[in-house]
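Numbered per the working numbering, the sequence shown spans residues 1 to 368. Just so it is clear, CB atoms sit at the ideal spot from N, CA and C, and this is done for glycine as well.
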Amino acid sequence: MKKRENRIFPICLLLALAVCFLAACSSGKGGTRESPGASESASQSTSERVNGSGNGADDSGESTEAAEKKLRIGVAIYRYDDNFMKLYREELRQYLEEAYNAEVVVRNARGEQEEQISQVNEFIEAGYDGIIVNLVDTDRAGVIADSCHEAGIPLVFINRQPKADEQARWKAEKMAVSCIGTDSKQAGTYQGGIILETEKRGDFNGDGVVSYVMIMGEKDNEDSNYRTEYSIKALEDGGMKTEKLFSGHADWKKEEGRKLAEKALALYGRRIEVIFCNNDAMANGAWEAIDAAGRKTGKDIYLVGVDALEETVQYIKEGKVTGTVLNDHTGQSHTAADVLMKMIHGDEAETRYLVDYVKISTISTLQK
Numbered sequence: 001m002k003k004r005e006n007r008i009f010p011i012c013l014l015l016a017l018a019v020c021f022l023a024a025c026s027s028g029k030g031g032t033r034e035s036p037g038a039s040e041s042a043s044q045s046t047s048e049r050v051n052g053s054g055n056g057a058d059d060s061g062e063s064t065e066a067a068e069k070k071l072r073i074g075v076a077i078y079r080y081d082d083n084f085m086k087l088y089r090e091e092l093r094q095y096l097e098e099a100y101n102a103e104v105v106v107r108n109a110r111g112e113q114e115e116q117i118s119q120v121n122e123f124i125e126a127g128y129d130g131i132i133v134n135l136v137d138t139d140r141a142g143v144i145a146d147s148c149h150e151a152g153i154p155l156v157f158i159n160r161q162p163k164a165d166e167q168a169r170w171k172a173e174k175m176a177v178s179c180i181g182t183d184s185k186q187a188g189t190y191q192g193g194i195i196l197e198t199e200k201r202g203d204f205n206g207d208g209v210v211s212y213v214m215i216m217g218e219k220d221n222e223d224s225n226y227r228t229e230y231s232i233k234a235l236e237d238g239g240m241k242t243e244k245l246f247s248g249h250a251d252w253k254k255e256e257g258r259k260l261a262e263k264a265l266a267l268y269g270r271r272i273e274v275i276f277c278n279n280d281a282m283a284n285g286a287w288e289a290i291d292a293a294g295r296k297t298g299k300d301i302y303l304v305g306v307d308a309l310e311e312t313v314q315y316i317k318e319g320k321v322t323g324t325v326l327n328d329h330t331g332q333s334h335t336a337a338d339v340l341m342k343m344i345h346g347d348e349a350e351t352r353y354l355v356d357y358v359k360i361s362t363i364s365t366l367q368k
């Protein structure tokens, strides 16, 4: 029995060597070649790993998938023709892509709240990792917050802040919802401060009264209301009496701002000493009306806005606009992205973050 086992071993060894020799010959001409069936099978396995489907992936495949997967972020903007929000959304997209390697999809609600709600629902149904919303109507914040909360998707509201009671609800119900904004009272206060810093303190005729025109944004908008109220409060707190000659809503639009300023100048002429605008787009339009009326900014009238748009800052350098208030779209957009990512990774966030405004005028240091 033992002798038979010894004879089988050399035979098995010879057979093994023959198999190795044949395998070497088949691969010696131009590298490894696979049959069509093997190639298709390998391709399918790779596709399944990348798309997160298929069974039997090993640990290394799962690690590769995790490393390659991009977070998907949905952004809903109230209107694309808002100059400030154009800067904001472009900076937000770039920061999310560069700092977090995220896939970003941005949607335009065109000023329609129901359209925006539909867009948010599409993000939710598609399983996005996080959502950022620039509300059309702040009164509808609760609808969007509830939808995202039920889906387990973190949400950040930007620029237009939901009301305080809605923010308190997020905290009470432990919802992954936050908002990033500014203190619009501060913006108005800075506008009034810019006028107080001028040589005439807004009072060209020396009667102790600042006679002004107020060009406002949207009706019932919190930013518009506070900027309007606190710009005048700053003048009065600074010791000046005020007289409102004319006011109107231009809905944040340059052309509407021009039309309102044109109407005011036609009605009140040189009685107007200051034109306050709730944003720079309207201020740029107002300057066109001032120029057409033969008035000279800084010589017989003052003009202020908010946002520090590039065009407006250039106008300040040229003496066409008295001053503006920097609405820091860079700081706000970066904060929004950082807070969203914090919540996506399971960390708690505050319900509200504020970014400061900065005064920019002809007699202050222009931000480079």
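Residue environment, residue i, which counts as buried when at least 16 other CB atoms sit within 10 Å
| i | result |
| --- | --- |
| Gly369 | Residue 369 is absent from the model: the chain starts at 1 and stops at 368. |
| Gly206 | exposed |
| Glu173 | exposed |
| Ala141 | buried |
| Leu340 | buried |
| Lys320 | buried |
| Asp356 | exposed |
| Asn94 | Reading the sequence as shown, one finds Gln at residue 94 and not Asn. With fewer than 16 other Cβ atoms within 10 Å, it is exposed. |
| Lys254 | buried |
| Gln314 | exposed |
| Asn398 | Any property of residue 398 remains undetermined from this structure, which presents the chain solely from 1 to 368. |
| Val136 | buried |
| Leu96 | buried |
| Ser224 | buried |
| Glu348 | exposed |
| Val143 | exposed |
| Asp307 | buried |
| Glu199 | exposed |
| Gly257 | buried |
| Gly346 | exposed |
| Ala266 | exposed |
Spatial neighbours of residue i in its chain, beta-carbon cut-off 6 Å, leaving aside the 5 residues before and after
| i | result |
| --- | --- |
| Trp170 | Val177, Thr351 |
| Gln44 | Residue placement at Gln44 is poorly supported in this model, since its pLDDT is 32, which falls under 50; the coordinates still yield a value, given next. Taken in chain order, the list of residues that qualify is empty. |
| Tyr88 | His329, Ser333 |
| Asp129 | Leu71, Arg72, Ile344 |
| Asn159 | Asn134 |
| Leu260 | Ile215, Gly248, Ala250 |
| His149 | Met175 |
| Gly74 | Val105, Phe123, Tyr128, Ile131 |
| Ala337 | Tyr95, Leu96 |
| Glu262 | Ala289 |
| Lys342 | Ala349 |
| Leu92 | Ser333 |
| Gly298 | Gly319 |
Cβ distance (whole Å) where residue i is taken to contact residue j below 8 Å
| i | j | result |
| --- | --- | --- |
| Val304 | Ile194 | 5 Å |
| Ile272 | Ser211 | 6 Å |
| Glu222 | Ser184 | 6 Å |
| Thr242 | Gly188 | Rounded, the Cβ-Cβ distance is 13 Å, inconsistent with contact. |
| Ala281 | Leu326 | Incorrect: roughly 15 Å between the Cβ atoms, too far for contact. |
| Cys277 | Ala286 | 6 Å |
| Ala234 | Gly192 | 2 Å |
| Thr312 | Ala283 | 6 Å |
| Ala164 | Leu155 | Incorrect: roughly 17 Å between the Cβ atoms, too far for contact. |
Residues that residue i bridges to, as DSSP identifies them
| i | result |
| --- | --- |
| Ser361 | Gly323 |
| Cys277 | Ile215 |
| Cys179 | Phe157, Arg352 |
| Ser224 | For Ser224, which the question treats as bridged, DSSP gives no partner whatsoever. |
| Thr335 | DSSP lists no partner for Thr335. |
| Thr242 | Val210 |
| Asn108 | Ile77 |
| His249 | Met216 |
| Gly130 | Ile73 |
| Glu103 | Arg72 |
Any non-hydrogen atom of the ligand FAD closer than 7 Å to residue i Cβ
| i | result |
| --- | --- |
| Asp203 | The model depicted lacks the ligand FAD and carries no ligand whatsoever. |
Cut-off 7 Å between Cβ atoms - residues of its own chain near residue i, not counting five sequence neighbours on either side
| i | result |
| --- | --- |
| Arg110 | Arg79 |
| Leu354 | Gly181, Thr182, Asp183 |
| Asp82 | Trp252 |
| Gly331 | Val355 |
Same chain, Cβ closer than 8 Å to residue i, five either side skipped, listed in chain order
| i | result |
| --- | --- |
| Gln161 | Thr138, Gln167, Cys179, Gly181, Glu222, Arg352 |
| Arg201 | Ile195, Val210, Gly238, Met240 |
| Ile301 | Phe204, Ile272, Glu273, Val274, Ile275, Ile290, Arg295 |
| Gln119 | Gly74, Ala76, Arg107, Ala109 |
| Asn121 | Ser147 |
Residue i at chain D interface by Cβ criterion, 8 Å
| i | result |
| --- | --- |
| Asp139 | Absent from the structure is chain D; it holds one protein chain and no more. |
Ignoring anything shorter than 3 residues or poking outside the region 295 to 319, list the beta strand (DSSP E) runs there in chain order.
DSSP runs (the beta strand (DSSP E)) wholly in the region 295 to 319: 302 to 304.
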